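Peer 1:
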Amino acid sequence: MAQPRVLVIGGGLAGLSATMRLAELGVQVDLVSLVPVKRSHSVCAQGGINSVNSLTRQQGDNEWKHFDDTVYGGDFLQHQPPVKEMADWGPRIVDLMDRLGVPFNRTPEGFRDQRRFGGTLFKRTAFAGATTGQQLLYSLDEQVRRWEVEGKVKKWEFWDFLEPVLDDAGRCRGAICQDLVTMQFRAFPADAVIIATGGCGLLFGRSTMSMVCNGSAVSRAYRAGAWYGNGEFIQVHPTAIPGADKLRLMSESARGEGGRVWVPKTPHDPRDPRDIPESERSYFLEERYPKYGNLVPRDIATREIFDICTNEGLSVEKDRLCVYLDLTHVPRETLDRKLGGILEIYEKFQGVDPRVVPMKIFPAVHYSMGGLWVDYEKSSTGGLVEGSPRNQQTNIPGLYAIGECDYQYHGANRLGANSLLSCIFSGLFCAPGVIASCDSGGKKAAEESSRLFDSGLRREEERHRALLGRTAGDENPYDLHQQLGNLMTRVATVVRRNEQLAAAYAEVCSLEERWRRCAVSDSGNWTNQNVVFTKSLGDMFPLAKLVLKGALQRDECRGAHYKPDFAMPGIHATEPAEKRREAEAWCDRFEANTRRWLKSTVATCGPGGEPEISYQDVDTSLTPPRPRLYGLVGGEEIEEVWKNRKHAASAGVDAHRGPAAFAGATG
Ligand SMILES: Cc1cc2nc3c(=O)[nH]c(=O)nc-3n(C[C@H](O)[C@H](O)[C@H](O)COP(=O)(O)OP(=O)(O)OC[C@H]3O[C@@H](n4cnc5c(N)ncnc54)[C@H](O)[C@@H]3O)c2cc1C
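Residue numbers (the working numbering): 225 to 891.
1. Using beta-carbon positions only, say whether residue 691 and residue 758 come within less than 8 Å of one another.
2. Between residue 769 and the rest of its own chain, which residues show a CB-CB distance below 6 Å, the 5 nearest in sequence each way excluded?
3. Here's the rule: buried if 16 or more other CB atoms are within 10 angstroms of the residue's CB, otherwise exposed. What is residue 642?
4. With which residues is residue 823 paired in a DSSP beta bridge?
5. Strictly by DSSP, which residues pair up with residue 451?
6. I'd like the ranges of any alpha helix (DSSP H) spanning at least 4 consecutive residues and lying wholly in the stretch 673-726.
7. Do you know how far the Cα of residue 838 is from the Cα of residue 476?
8. Rounded to the nearest angstrom, what separates residue 866 and residue 631 at their Cα positions?
9. Ends of the beta strand (DSSP E) at residue 459?
10. Quickly, what does DSSP pair residue 583 with across the bridge? List them, please.
11. Please report the Cβ distance between residue 354 and residue 270, rounded to the nearest whole angstrom; I am assuming they are in contact, meaning their Cβ atoms lie under 8 Å.
12. I think residue 654 touches residue 624, with their Cβ atoms under 8 Å apart; what is that distance to the nearest whole Å?
13. Relative to ligand 1, is the shortest distance from any of its heavy atoms to the C-beta of residue 633 smaller than 7 Å?
14. So, residue 290 versus residue 600, is the Cβ gap smaller than 8 Å?
15. For residue 830, count neighbouring Cβ atoms within 10 angstroms of its own Cβ and tell me buried if that reaches 16, exposed if not.
16. For the alpha helix (DSSP H) containing residue 574, list its first residue and its last residue.
17. For my contact list, residue 823 and residue 721 are in at a C-beta cut-off of 8 Å; report their separation, rounded to the angstrom.
18. Exposed or buried, which one is residue 248 when buried takes at least 16 other CB atoms within 10 Å?
19. What does the alpha-carbon distance come out to for the pair residue 478 and residue 551?
20. Whole-angstrom Cβ separation of residue 242 and residue 418, contact assumed at under 8 Å?
21. Tell me whether the beta-carbon of residue 708 lies closer than 8 Å to the beta-carbon of residue 715.
22. Provide the residue(s) that pair with residue 403 in DSSP beta bridges, ordered along the chain.
23. Give the DSSP bridge partners of residue 473, in chain order.
24. Just checking residue 616 against ligand 1 - is the residue's beta carbon closer than 7 Å to any of the ligand's heavy atoms?
25. Just list the residues that DSSP pairs residue 486 with in beta bridges.
26. What is the rounded straight-line gap between the Cα of residue 563 and the Cα of residue 572?
27. My output table needs one value for residue 885: the three-state DSSP class, helix, strand or coil.
28. Do residue 589 and residue 431 come within 8 Å of each other at the CB atom, strictly closer than that value?
29. Could you tell me the alpha carbon to alpha carbon distance between residue 568 and residue 360, rounded to whole angstroms?
30. Is DSSP giving residue 836 helix, strand or coil here?
31. CA-CA distance, residue 665 and residue 415?
Okay, here's the thing in structure tokens:
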């Protein structure tokens, strides 16, 4: 058989690692990217990449604990076999990146240094200062350039993916893309297509993500029939630097290196923070979660910061919500060596040196746990079958998704430093399976499909011409985008309420309608950014709708999805027997909620573009769901009741059916 040809859309960490691996395996790759691959959003990643290593093992860490922290952090919403496989691969991936030349920070003895990140008690995060994403991306870019020179890879930078091309049997046979300089269209026949196009932060207007993270490619695949999983799960990072133009991340690594979050006990205390004595400060994360302290998972830290500012009225400033993130107690030399990159960002945009004065931060939209639905094949040992064509394949045969744009690894809440791992892992791991799928596809069929490509090209050219011709509309795309972003940020971030979500859905439909009347101010056919933006704005509405509808229908709180109307009750009693009764009731409700809502949300694009939502069971075969308390002060009684129930259940199962049935019985 002739060597297969694979089209990779996206040159961030996921796309580059897939490209490198495919080329190594002898496959010809076309790599398409909106921006030069070295400018992909992955370059912004700061804090690090998670994996167990020999140092963390000495502290009692292992791959199982990494897996367990990840599913506990994700509120058990992710299928467990892919997460287990990813955690098992972690050490190999970081070793590989080390060998490829990533300048990871070292201890004085020469070992890779590790820092702690959120949602774990172990120092499991390898890092290259606070520019880890850039170092990883550049190393993979070098490898891909090597294959380019060998003639195995052809890069198409400044190209926009417009639609996958499907044959009559529904198999993906390639794609139609557009050159963003000449504005010419081109068909890319391929034996398989991998989408690696990152997140969709631009739906929310301002976020910590790059301005190219518009979700357009994913939306186009979704409209062509690909399913979208867990769309309502959007991560709001607890610590970002508010800005009028955009929100800039202050990485979790700042807390990993000892940063402490606090507010003055006096609302809007006007004193210089350095003059406020310890006794007049509230280190509220440390007080409420002494076990994890400032490194509780992001969903929890975000809600606590939001709560202290909005419900308790303790925002540092009166007219702007923010809390202090304090690094001033950490030696300057340590800060420069380990966090230089991010501290410079703060200094540059705020004009204040965070080594000397506590930073002012507030949560911001950061990451999308949801994404294109992808399949996997489970192995007999609980992980994945390597080389299976099902791994990372969407519901469209021959169309794959990897990296931030798939929904597979992070459930309802992603742990910090797990994304870089999932991107590189899914890229490397999927390659043999993609090739296997090419074997069962048909080069011949692809060649015979020129009819399909011709009609795809005609369709896209027609769409483009129609947009260029819209010079007389009465709507401004940039204005509409701002309205969409403000709306999504207001109703679909930290706190969600059904009436607001329903109203927002109607409003998005109306914005979409108005988009059809957008005027395009630039009608030229050379590097026309205006028309490209307007097109991508049109693609944001279907995604916004599936986020809102998924959130509206999910009447519970799970990870980043929080509806106060469906929140679990607290334990209020002080009298021991009553306290126990409340804890029992809490656990009953937790179990009922798990039965009802521990399901992946799957959105399909219905006729007329409206999302149709269904639910799929989650594979929790490796560890059963448990209450997610992170040592919350006041949660001890619940922990106790839960432990007793599990003991009783396992004793019962042991007596009647044997231990192997335990996971299934409770999962
Ligand atoms: C500020 C910041 C810091 C972060 N720090 C960390 C960290 O320390 N650790 C961690 O684990 N995670 C971190 N994350 C998350 C992590 O950076 C991302 O999830 C990850 O880099 C995404 O990689 P990716 O390869 O999936 O996509 P990206 O790197 O976003 O790449 C997407 C690619 O797709 C291309 N593309 C997009 N649309 C199209 C289209 N229509 N046509 C053609 N090409 C297209 C783009 O050009 C680009 O090449 C951070 C995120 C942010 C915002």
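Yeah, the Cβ is synthetic: ideal placement off N, Cα and C, and Gly gets one too.
The structure displayed is predicted, hence computed values, not measured ones.
Peer 2: Reading from the atomic positions:
1. yes
2. 732 and 835
3. buried
4. 841
5. In DSSP, residue 451 forms no bridge with anything.
6. 674-692 and 701-715
7. 34 Å
8. 30 Å
9. 458-465
10. 549
11. 5 Å
12. 6 Å
13. no
14. no
15. exposed
16. 556-574
17. With 8 Å as the limit, residue 823 and residue 721 do not qualify as a contact, their Cβ atoms being about 22 Å apart.
18. exposed
19. 7 Å
20. 5 Å
21. no
22. 383
23. 464
24. no
25. 548
26. 14 Å
27. A caution first: residue 885 carries a pLDDT of 32, below 50, which makes its placement in the model too unreliable to give a value.
28. yes
29. 20 Å
30. strand
31. Unreliable placement is indicated for residue 665, whose pLDDT of 49 sits below 50; no coordinate value is reported for it.
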